[in-house]
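Numbers 41 to 693, taken from our numbering, label the letters of the sequence shown in order.
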Amino acid sequence: MTDENTAPGQPATVENLLNENRLFPPPEDFKAKALYTDESIYAKALADPSAYWVSHAERLDWFEKWNQVLDWRPPFSRWFVGGKINACYNCLDRHINAGLGDRLAILWEGEPGDEQRLTYNDVFKAVNKFANGLKQLGVKKGDRIAIYMPMVPEAAYAMLACARLGAIHTVVFGGFSVDSLRDRINDAQAKVLITADGGWRRGKVVPLKDTADQAVAGCESIEHVVVIKRTENEILMQDGRDVWYDDLVASASESCAPEPMDSEDILFILYTSGTTGKPKGIIHTTGGYMTGVSATTRMVFDLHDEDIFWCTADVGWITGHSYIVYGPMANAATQVMYEGSPDYPERNRFWKIIEKYKVSKFYTAPTAIRAFMKWGVKWLEGCDLSSLKLLGTVGEPINPEAWIWYHKFIGAEKCPIVDTWWQTETGSIMISPLPGIVATKPGSATRPMPAISAKILNEVGEEIQVGGGFLAIDTPWPSMLRGIWGDEERYKSTYWGRWPDTYFPGDGVKRDSDGYLWLLGRVDDVMLVAGHNISTMEVESALVDHEAVAESAVVGVTDEVKGQAIGAFVILREGFDDSDEIRQQLMKHVAEKIGAIARPKTIIFTHDLPKTRSGKIMRRLLRDVAEGRALGDVTTLADPGVLNSLKEKYSDS
41 MTDENTAPGQ PATVENLLNE NRLFPPPEDF KAKALYTDES IYAKALADPS AYWVSHAERL
101 DWFEKWNQVL DWRPPFSRWF VGGKINACYN CLDRHINAGL GDRLAILWEG EPGDEQRLTY
161 NDVFKAVNKF ANGLKQLGVK KGDRIAIYMP MVPEAAYAML ACARLGAIHT VVFGGFSVDS
221 LRDRINDAQA KVLITADGGW RRGKVVPLKD TADQAVAGCE SIEHVVVIKR TENEILMQDG
281 RDVWYDDLVA SASESCAPEP MDSEDILFIL YTSGTTGKPK GIIHTTGGYM TGVSATTRMV
341 FDLHDEDIFW CTADVGWITG HSYIVYGPMA NAATQVMYEG SPDYPERNRF WKIIEKYKVS
401 KFYTAPTAIR AFMKWGVKWL EGCDLSSLKL LGTVGEPINP EAWIWYHKFI GAEKCPIVDT
461 WWQTETGSIM ISPLPGIVAT KPGSATRPMP AISAKILNEV GEEIQVGGGF LAIDTPWPSM
521 LRGIWGDEER YKSTYWGRWP DTYFPGDGVK RDSDGYLWLL GRVDDVMLVA GHNISTMEVE
581 SALVDHEAVA ESAVVGVTDE VKGQAIGAFV ILREGFDDSD EIRQQLMKHV AEKIGAIARP
641 KTIIFTHDLP KTRSGKIMRR LLRDVAEGRA LGDVTTLADP GVLNSLKEKY SDS
């Protein structure tokens with residue numbers, strides 16, 4: 041079956057997807073214990089979404105109740121207006137108050153094999169001490185705090201400590217480069233950076249503090265850098281600015297009163313790629329976000345008290361925010377947190393972790409699943425995965441072959457699979473089967489969550505019942521983004537500019553005759569590489585930054601492991617030859633400028649690019665070249681002959 045991570049309107053893809061009729065009903069033994077088994081939840085929620093969301097908001101603890109459920113003035117929403125709440129209190133204090141302080145919260149394993157078993161009491165004490173330490177540095181409500189960390193418990197502590205104080209955290213993925221970190225710190229005007237000396241990745245130290253030092257050199261807003269000791273590599277500590285985490289919390293009190301936050305006070309900013317290349321600071325507020333993530337964690341993963349949950353994401357992404365920190369901990373879950381790579385020291389590391397901790401609910405990305413398939417089932421030998429009860433996928437559409445492999449070899453054909461669609465912007469899961477209700481189809485995210493009104497529209501906003509078009513959401517939901525940090529106009533134009541009062545996530549989608557939804561990936565100039573959004577503009581800018589490059593164009597290319605890989609077409613400056621040495625230099629340069637995840641898979645050197653007479657690069661045609669497809673309409677090109685040259689070069693690459 042062809043990969044579905046393509047733009048809408050490709051007949052072969054539509055035909056194949058809509059002919060996928062293998063149906064997997066919820067297993068009877070799973071359904072017998074499931075929290076949600078009544079189909080009527082969907083109709084009731086759509087009939088009265090406010091009552092539905094109130095029922096979930098009431099599961100949280102509020103210092104003061106709201107006086108209005110929703111104030112909707114498109115495109116701006118305010119939820120649980122007048123309510124007072126604290127996210128950290130709902131993740132920690134209320135469980136301890138309910139007598140759950142000794143329940144395990146985090147089963148943490150570092151890549152070298154070190155481990156910590158942390159109860160809710162342990163996390164509570166650490167977070168309070170960290171919050172008091174940040175207070176000593178002058179942190180107060182509304183301040184922005186940047187977090188650039190490996191996957192260690194202190195990353196979660198840092199987020200929760202910020203939430204406790206009412207400070208706004210902005211977490212930057214630990215694989216991002218100096219420039220990426222600096223840009224995000226400067227955009228948010230962060231006051232403090234929390235980082236570590238390093239993190240472990242495939243047996244090597246990732247030098248986080250070194251990167252942080254270079255980034256902060258260009259950040260006037262940073263007053264302090266807090267450094268967690270992890271890898272004990274040699275680092276520089278700047279007097280007056282840098283402070284060791286251990287020293288900061290050594291004498292701090294274990295008691296710190298949580299700041300009562302207005303429901304609409306900002307909880308965090310998280311940056312995601314935009315088509316202009318400038319990252320967008322997505323704003324999430326407190327009450328609505330916590331309602332969305334706590335509800336979806338419980339519902340989608342059918343979370344029971346005895347479950348051991350493992351989401352393999354990094355806290356630097358929205359998946360880690362929503363389904364490692366806030367969602368599971370709001371539900372008093374016990375979860376695994378792992379620092380390193382799935383293939384270190386061997387390719388069975390994930391399976392050994394599942395066996396060791398008896399993981400029951402496992403949530404990972406299609407990119408990882410395709411890698412597991414490629415490595416083969418031999419790596420499953422000797423690993424007991426019988427504890428698993430449910431599997432999930434996140435980050436990109438999953439092709440049916442990978443779905444079936446996951447179901448058969450990881451789930452032993454007894455685990456429901458929840459294929460989830462959502463975004464940084466939506467805050468929580470929007471489209472997914474409820475595992476005790478919905479029969480699943482390989483490759484389909486099935487149907488919208490209760491109270492989510494998802495439609496398929498064409499260019500002019502007409503609804504499509506069966507077939508392909510653009511995903512659109514025409515009613516508000518609590519965990520939706522509230523804006524882009526410092527750029528209200530960009531928020532309006534990016535997400536609400538296509539149709540009146542309707543949210544456009546930028547994804548293509550198809551609906552089959554059974555009403556099942558099939559996500560098709562991005563329809564704009566944002567590439568989905570290993571589940572992460574990377575803008576073409578970002579990569580093109582990094583390439584042109586190199587002295588050898590005159591011009592570049594970048595497209596997403598189908599990749600069996602990553603979903604999409606990056607293909608680059610480059611025009612060199614005079615005096616530079618198109619050698620493999622230059623090609624390797626450019627790949628390295630992009631990785632250094634943005635991060636390893638943005639490293640192009642292929643670079644084709646060319647004397648020209650396909651442009652319209654007005655000078656616009658036709659990336660659609662470059663995608664056709666890269667995918668080996670028949671070329672589309674070339675009549676608008678200034679020089680159609682350029683494409684023949686590119687096709688020859690690409691087929692030789």
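Just so it is clear, CB atoms sit at the ideal spot from N, CA and C, and this is done for glycine as well.
Everything numeric in this text was worked out from a predicted model, so none of it was measured.
Own chain partners of Gly49 with C-beta closer than 7 angstroms, once the 5 adjacent residues on each side are dropped = Legend: pLDDT at Gly49 = 33, less than 50; position of this residue unreliable, no value from coordinates given.
N-terminal and C-terminal residue of the alpha helix (DSSP H) that Cys351 is part of = Segment Ile348 to Cys351 is the beta strand (DSSP E) holding Cys351; no alpha helix (DSSP H) there.
For Glu55, which residues of its own chain have a beta-carbon under 7 angstroms away from its beta-carbon, when the five flanking residues on both sides are left out?
-> Unreliable placement is indicated for Glu55, whose pLDDT of 40 sits below 50; the coordinate value is still reported in the next sentence. So no residue of the chain qualifies.
Where the beta strand (DSSP E) containing Lys231 begins and where it ends | Careful: Lys231 lies outside any beta strand (DSSP E) and carries neither H nor E.
Indicate whether the contact test is met: 3 or more Cβ pairs, each with one atom in the region 216-233 and one in the region 250-258, closer than 8 angstroms.
-> Result yes; three or more Cβ-Cβ pairs closer than 8 angstroms.
Should Trp119 go down as buried or exposed, given a rule of 16 or more other Cβ atoms within 10 Å for buried?
-> buried
For Lys550 and Glu767, the rounded distance between their alpha carbons = Residue 767 cannot be examined here, being either before or after the span of the chain that is shown, 41 to 693.
Is Ser575 helix, strand or coil by DSSP?
-> Ser575 falls in the strand class under three-state DSSP.
Please report how far the alpha carbon of Val266 lies from the alpha carbon of Ile393, in whole angstroms.
-> Taking C-alpha positions only, Val266 is separated from Ile393 by approximately 30 angstroms.
Starting from Arg134, follow the alpha helix (DSSP H) in both directions and report where the run begins and ends.
-> Per DSSP, Arg134 belongs to the alpha helix (DSSP H) from Asp133 to Asn137.
Could you give the DSSP three-state label for Phe70: helix, strand or coil?
-> In this structure, Phe70 counts as helix in the three-state DSSP scheme.
List the DSSP bridge partners of Gln375.
-> Partner(s): Ile146 and Phe349.
Please list, in chain order, all residues of the same chain as Tyr531 whose beta carbon is under 6 angstroms from its beta carbon, the five residues on each side excluded.
-> Gly523 and Ile524
Report, in whole angstroms, the separation of the C-beta atoms of Val94 and Gln108, which I expect to be a contact under 8 angstroms.
-> Going by Cβ atoms, the distance from Val94 to Gln108 rounds to 11 angstroms, so no, they are not a contact pair.
Sufficient close CB pairs (3 or more, under 8 angstroms) joining the region 455-463 to the region 582-590 = No contact exists between the region 455-463 and the region 582-590.
Do you know whose CA, among Pro382, Gly332, Tyr384 and Asp618, lies nearest Met696's CA?
-> Lying outside 41 to 693, the shown extent of the chain, residue 696 is not represented and no answer is given.
Coil, strand or helix - Gln176 by DSSP | helix
In three-state DSSP terms, what is Phe103?
-> coil
Just confirm the distance between the C-beta atoms of Tyr129 and Val167, as a whole number of angstroms; I'd bet it's less than 8 angstroms.
-> About 11 angstroms; that fails the 8 angstroms criterion.
Does DSSP put Thr326 in a helix, a strand or coil?
-> In the structure shown, the three-state DSSP call for Thr326 is helix.
Report the option in Arg241, Thr210 and Val246 whose CA atom is closest to the CA atom of Lys231.
-> Thr210
What are the uninterrupted segments assigned as alpha helix (DSSP H) that are 4 or more residues long and contained completely in the region 604-637, given in chain order?
-> 620-633
With His264 as the anchor, note down where its beta strand (DSSP E) starts and where it stops.
-> DSSP places His264 in the uninterrupted beta strand (DSSP E) bounded by His264 to Ile268.
Determine the DSSP secondary structure at Leu474, reduced to helix, strand or coil.
-> coil
C-beta atoms of Met520 and Gly467 nearer than 8 angstroms | Taking 8 angstroms as the Cβ cut-off, Met520 and Gly467 qualify as a contacting pair.
Over what stretch of residues does the alpha helix (DSSP H) that includes Gln463 continue unbroken?
-> Segment: none, Gln463 is in no alpha helix (DSSP H) and carries neither H nor E.
Taking all protein chains shown into account, do 16 or more other C-beta atoms lie within 10 angstroms of the C-beta of Lys320, making it buried, or fewer, making it exposed?
-> Answer is buried; the Cβ neighbour count reaches 16.
Tell me, please, whether the region 294-313 touches the region 187-205 by the rule of three or more beta-carbon pairs shorter than 8 angstroms.
-> yes
For Lys429, which of helix, strand or coil comes out of DSSP?
-> coil
Spatial neighbours of Glu580 in its chain, beta-carbon cut-off 7 angstroms, leaving aside the 5 residues before and after = Here Glu580 has Ser592, Ala593 and Val594 as same chain residues with Cβ atoms under 7 angstroms from its own Cβ, once five neighbours each way along the sequence are excluded.
Tell me, which residues are paired with Trp240 by DSSP?
-> Paired residue(s): Val245.
Would you report the Cα separation of Thr407 and Asp552, rounded to the nearest angstrom?
-> 25 angstroms
Host beta strand (DSSP E) of Trp558 (start-end) | Leu557 to Arg562
Ends of the alpha helix (DSSP H) at Thr407?
-> Counted as a single uninterrupted DSSP element, the alpha helix (DSSP H) harbouring Thr407 occupies residues Pro406 to Trp415.
Taking all protein chains shown into account, decide if Lys105 is buried (16 or more other Cβ within 10 angstroms of its Cβ) or exposed.
-> exposed
Cβ shell of Val478 (< 8 angstroms), same chain only, five flanking positions each side left out | Pro66, Thr486 and Arg487
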